[in-house]
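For reference, the structure discussed in these notes is given below.
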Amino acid sequence: MMNYLKEKIPRIGFDIVCVFVFALVFKLSDVPTKVALYPAMICATFWLMYVLFDLRKYLIRHKELQQHKNNIDITLHQLQSPKTQMESDYQELLCQLEYVLLQRLRDVNKVNFDNREFITTWAHQIKTPITAINLLLQDMDEENELDKSYTREMKNQLFEIEQYVDMMLQYIRLDSLNSDLVLQQYNLLQIVKQAVKYFSRVFIGRNISLKLDDNLNEKVVTDEKWILFVLKQILSNSLKYTKKGTISIYLKKQNKTLKGQNSLILVIEDTGVGICSEDLPRIFQRGFTGYNGRMEKKSTGIGLYLTKTILDRLNNGINIYSQVNKGTQVEIIFRNLTNM
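Residue numbers (full-length UniProt numbering): 1 to 340.
And the structure:
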């Protein structure tokens, strides 16, 4: 109502001025008040009827536009026909803006697609020289301890490069993850062993103990490729921030609620430096490195973001508990244990 009055202020002001002009003319012409009052009342009645009709039309149109605003999925061509020339002009302007925005969006999508294709191709191509260098290092003659040390360090650096390339590939594929999923029933122990074997050289080189419980021999429904990537990311972080000690992998005893939901909780626990309590709420944010990442200068801020995103798409969960200088405990909740 108030918005209507604000929009009609010029028109109402003009009508009031006209009333005063007619009243002044009648006064100066010595027209009797009773004679002037009758046509004035008729005019006022018609004016009020017009205002009420116009207000009703205004409110109906406003309601229609509000409904369109709340249902923004519609296109401009689905809007109701304009009631005035001004509305028609605005709709034409919006159509032009829509066309320009869609054209720019297509251009941006094409650039993004080309970039993804280039990065994916590059990532696959870079693996070839990495593999070749690894083979050369294996065949290299190590005449003394210094040579062995150099070779070992070069292998470690190549291993890290491989990890970063794989992480980049999975990040690129994240948009198409849903269409890439192949959900089947797998043995959890076998998948965990694959992830551990991938880091066997790191475990041995850093003299870090592994405690792998036998109770992992359970069936879960998941995508092997993606869950293996998740386990590698978590193990990579555990190894990165554990200078000495043990990494334990086991199934957590479930409470009644989780058991009723037919789920398993896989725990990967380390005795590393831990995570600051103020960093814990943000560790799944993309690009967040935290205190440890800034100190070590090795964190990309992408690994845990990818982990959380992938587990969400797999309908699984993740919890992380940590204490500084005591270690970190990562829980992966498998909610699908039988074929769907």
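Glycine residues also receive a C-beta, built at the ideal position from the N, C-alpha and C atoms. What you are looking at is a predicted structure, and each value in this text was computed from that prediction instead of being measured.
Asn319 is bridged by DSSP to Glu331. Contact between Ala123 and Leu169 holds: CB atoms are separated by about 5 Å, below the 8 Å threshold.
Rounded to whole angstroms, the Cβ separation of Ile318 and Ile332 is 6 Å, and the two are in contact under 8 Å. Between the stretch 263-281 and the stretch 237-253 there are three or more C-beta pairs closer than 8 Å, enough to call the two in contact. Taking a 10 Å sphere around the C-beta of Gly287, we find fewer than 16 other C-beta atoms and assign the residue as exposed. For Gly290 against Ile283, the beta-carbon gap comes to about 6 Å, under 8 Å, which counts as contact. Per DSSP, the unbroken alpha helix (DSSP H) holding Glu117 starts and ends at Gln85 to Asp139. In this structure, Ile208 and Lys155 do not form a Cβ contact; the two beta carbons are roughly 17 Å apart against a cut-off of 8 Å.
Here Tyr241 is near Asp270, since their CB atoms are less than 9 Å apart. Rounded to whole angstroms, the Cβ separation of Gln163 and Ser236 is 6 Å, and the two are in contact under 8 Å. Counting the other CB atoms within 10 Å of its CB gives Met140 a total below 16, which places it among the exposed residues. In the structure shown, Tyr241 adopts coil according to DSSP, grouped into three states.
Here the stretch 214-222 does not lie against the stretch 172-180, with fewer than 3 beta-carbon pairs under 8 Å apart.
The bridge partners DSSP lists for Tyr50 come to none.
In chain order, Phe284 and Ile318 place their CB closer than 8 Å to the CB of Lys308, counting only its own chain and leaving out the 5 sequence neighbours on each side. Residue burial is scored here from C-beta neighbours: Ser238 has at least 16 other C-beta atoms within 10 angstroms and is therefore classed as buried. When DSSP states are grouped into helix, strand and coil, Thr271 belongs to the coil group.
Ile275 and Leu304 have their C-alpha atoms roughly 13 Å apart.
Remark: C-beta atoms of Val196 and Phe203 approach each other more closely than 9 Å. When the Cα atoms are used, Gln194 and Leu188 turn out to be separated by approximately 10 Å. The DSSP assignment places complete alpha helix (DSSP H) segments of no fewer than 4 residues inside the stretch 139-191 at 145-173 and 177-180, in order along the chain. Per DSSP, the beta bridge partners of Tyr250 are Val267. Inclusion of Arg116 and Phe159 in the CB contact set at 9 Å is not warranted, their separation being larger than that value.
Scanning Gln323, Phe334 and Ser322 for the CA closest to the CA of Asp312 turns up Phe334. Counting of Cβ neighbours within 10 angstroms places Trp47 among the exposed residues, the total staying below 16.
Of the residues Pro82, Ala40 and Leu136, the one whose Cα lies closest to the Cα of Asp15 is Ala40. Judged by DSSP secondary structure, Ser209 falls within the beta strand (DSSP E) whose first and last residues are Ser209 to Leu212. For Thr222, DSSP records a beta bridge to Gln184. Taking C-beta separations shorter than 8 Å and ignoring five residues to either side along the sequence, the partners of Lys219 in its chain run Gln185, Tyr186, Asn187, Leu188, Leu337 and Thr338, following chain order. Around the C-beta of Met167, 16 or more other C-beta atoms lie within 10 Å, and the residue is accordingly described as buried.
Closest option to Trp226, judged by alpha-carbon separation, among Leu136, Leu5 and Leu306: Leu306. For Leu228, the secondary structure class from DSSP, reduced to helix, strand or coil, is helix. Leu181 is positioned such that its CB atom lies closer than 9 Å to that of Leu314.
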